[in-house]
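Everything on this sheet refers to the single structure shown next.
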Amino acid sequence: MTNLNYSEILIRYGELSTKGKNRMKFVSRLANNVREVLTQWPMVSVKSDRDRTHIFLNGADYNPLSEKLAKVFGIQSFSPAIKVEKNMPALEAAVAELMKKIYREGMTFKISAKRSDHDFELDSTALNRELGHTVIETIPYAKAQMKQPDIDLRVEIRLDAAYLSYETIKGAGGLPVGTAGKGMLMLSGGIDSPVAGYLALKRGVEIEAVHFASPPYTSPAALQKAKDLAKKLTVFGGDIQFIEVPFTEIQEEIKNNVPMPYLMTVTRRFMMRVVDEIRARRHGQIIINGESLGQVASQTLGSMVAINAVTTTPIIRPVVTMDKLEIIELAEKIDTFNLSIQPFEDCCTIFAPPQPKTNPKLDHAEKFEARMAIDELVARAVDGMMINRLSNDDRTDKLDMDIQELL
Ligand SMILES: Nc1ncnc2c1ncn2[C@@H]1O[C@H](COP(=O)(O)OP(=O)(O)OP(=O)(O)O)[C@@H](O)[C@H]1O
Numbered sequence: 004m005t006n007l008n009y010s011e012i013l014i015r016y017g018e019l020s021t022k023g024k025n026r027m028k029f030v031s032r033l034a035n036n037v038r039e040v041l042t043q044w045p046m047v048s049v050k051s052d053r054d055r056t057h058i059f060l061n062g063a064d065y066n067p068l069s070e071k072l073a074k075v076f077g078i079q080s081f082s083p084a085i086k087v088e089k090n091m092p093a094l095e096a097a098v099a100e101l102m103k104k105i106y107r108e109g110m111t112f113k114i115s116a117k118r119s120d121h122d123f124e125l126d127s128t129a130l131n132r133e134l135g136h137t138v139i140e141t142i143p144y145a146k147a148q149m150k151q152p153d154i155d156l157r158v159e160i161r162l163d164a165a166y167l168s169y170e171t172i173k174g175a176g177g178l179p180v181g182t183a184g185k186g187m188l189m190l191s192g193g194i195d196s197p198v199a200g201y202l203a204l205k206r207g208v209e210i211e212a213v214h215f216a217s218p219p220y221t222s223p224a225a226l227q228k229a230k231d232l233a234k235k236l237t238v239f240g241g242d243i244q245f246i247e248v249p250f251t252e253i254q255e256e257i258k259n260n261v262p263m264p265y266l267m268t269v270t271r272r273f274m275m276r277v278v279d280e281i282r283a284r285r286h287g288q289i290i291i292n293g294e295s296l297g298q299v300a301s302q303t304l305g306s307m308v309a310i311n312a313v314t315t316t317p318i319i320r321p322v323v324t325m326d327k328l329e330i331i332e333l334a335e336k337i338d339t340f341n342l343s344i345q346p347f348e349d350c351c352t353i354f355a356p357p358q359p360k361t362n363p364k365l366d367h368a369e370k371f372e373a374r375m376a377i378d379e380l381v382a383r384a385v386d387g388m389m390i391n392r393l394s395n396d397d398r399t400d401k402l403d404m405d406i407q408e409l410l
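Sequential numbering of the sequence shown, starting at 4, is according to my numbering.
Structural data, given as structure tokens:
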């Protein structure tokens with residue numbers, strides 16, 4: 004990557020350009036997400052209008068910042084630009100300097116000038132001609148080519164200054180996180196649920212990650228792993244609320260009241276009830292989980308029917324038809340795989356019977372559950388939830404650690 008002194012980045016929107024009158028809502032949500040993803044550079048400022056968003060770097064280092072930006076959903080492409088004084092000598096010098104840095108033998112080029120300041124001394128045609136000459140004077144063997152040149156050097160004359168850019172970097176696509184509403188992601192420590200969360204984020208769903216922990220059967224390390232996984236997802240659209248739910252009491256009750264083959268089904272049904280209640284309290288619209296059809300006993304169609312029966316809330320299962328290998332490929336791409344395969348106990352597996360029912364009967368599950376105070380158990384779990392806002396800013400972690408050390 005060439006090291007250039009970039010002063011701003013121009014962002015082009017993706018699918019949201021088709022969204023009619025909701026457009027400004029989309030635009031401001033994207034700007035907000037970009038700000039949250041870039042908080043480790045406090046000097047950066049973000050400004051949006053209907054057609055473009057500008058990131059002003061104010062001295063921030065472009066390369067690491069652009070790597071983060073490339074992951075944010077809702078961006079079609081972006082281009083870094085160099086700010087230049089608005090006069091011909093300054094522009095010519097900047098074009099010459101830039102071309103010397105980026106030109107490689109055999110490349111073709113084109114100047115694409117645009118003038119929004121109509122008082123500037125040259126119009127865009129004259130600018131194309133003059134700056135084209137500058138390039139040939141600097142690199143005599145450079146060949147101009149109008150169609151698909153190797154270097155398309157864009158020159159924009161705005162009111163405040165002139166801007167040069169030549170790179171277009173592909174964005175992550177998708178929709179800005181939050182523009183499609185809010186869902187509760189059931190996040191275990193496994194491989195599948197972080198991938199499910201990623202796919203929901205891609206379509207613009209803001210997620211809150213709900214994790215069930217059953218101390219002392221599950222360890223603080225297992226909880227931390229789920230938190231770390233949720234944090235990994237903050238790079239796609241900003242901060243995520245992580246909700247830890249105490250699940251020990253419910254699991255012990257289930258263990259005492261439900262025969263082995265139904266432990267898993269009833270456990271899942273309780274999880275679903277609790278998540279649904281949390282969703283209602285926090286104004287979410289849907290539930291998202293990492294179920295994939297036929298992978299394990301809890302994920303046969305029969306099991307899904309029995310588990311799903313506790314709620315009419317839509318349950319989105321983004322990885323439901325994916326093969327394990329396809330899910331793993333995505334997990335590797337989003338950098339959650341290595342964390343997911345760390346061997347920590349999950350609250351479901353520690354109480355899991357060796358042979359759960361693959362085709363549980365709904366009326367059996369309901370009969371066993373009738374032995375328990377369902378509503379009270381659910382209410383206590385929900386009341387005990389702990390909410391933490393996770394940010395992708397590495398410095399926040401550091402602060403947390405410092406505070407831990409002080410305690
Ligand atoms: N401790 C937990 N907290 C929150 N959600 C959970 C928990 N355990 C399981 N889930 C949810 O239930 C789904 C199915 O879990 P299960 O353990 O059967 O499947 P899995 O294929 O191993 O999924 P994962 O790889 O996400 O753990 C998970 O994808 C997740 O959405």
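Glycine residues also receive a C-beta, built at the ideal position from the N, C-alpha and C atoms. Bear in mind that the values here come from a model prediction, so they are computed numbers and not experimental data.
Secondary structure of D126 (DSSP, three-state): coil. Taking each of T128, I142, I160 in turn and checking the Cα distance to D120, the smallest one comes out for I160. Not a single heavy atom of ligand 1 lies less than 7 Å from the C-beta of S222. Around A116, the same chain offers S127, L130, N131, V158 as residues with beta carbons nearer than 6 Å, after the five sequence neighbours per side are excluded. Under DSSP, D155 takes part in a beta bridge, and its partners are K113. In this structure, the CA atom of V313 is about 7 Å from the CA atom of M275. Beta-bridge pairing by DSSP links Q227 to no other residue.
Contact annotation, N395 with K234: C-beta distance approximately 7 Å; criterion of less than 8 Å satisfied. In this structure, K113 is the residue among E124, K113, M389 with its C-alpha nearest to the C-alpha of I139.
Counting only runs of 4+ residues, the alpha helix (DSSP H) found wholly inside the region 187-240 occupies 195-205, 223-235, in chain order.
For V47, the three-state secondary structure derived from DSSP is coil.
Of the other Cβ atoms in all chains shown, fewer than 16 fall within 10 Å of the Cβ of A376; this residue is therefore exposed.
Under the three-state reduction of DSSP, Y265 is assigned to helix. G184 has its alpha-carbon roughly 15 Å from the corresponding atom of F239.
Of the other Cβ atoms in all chains shown, 16 or more fall within 10 Å of the Cβ of N292; this residue is therefore buried. Secondary structure of V308 (DSSP, three-state): helix.
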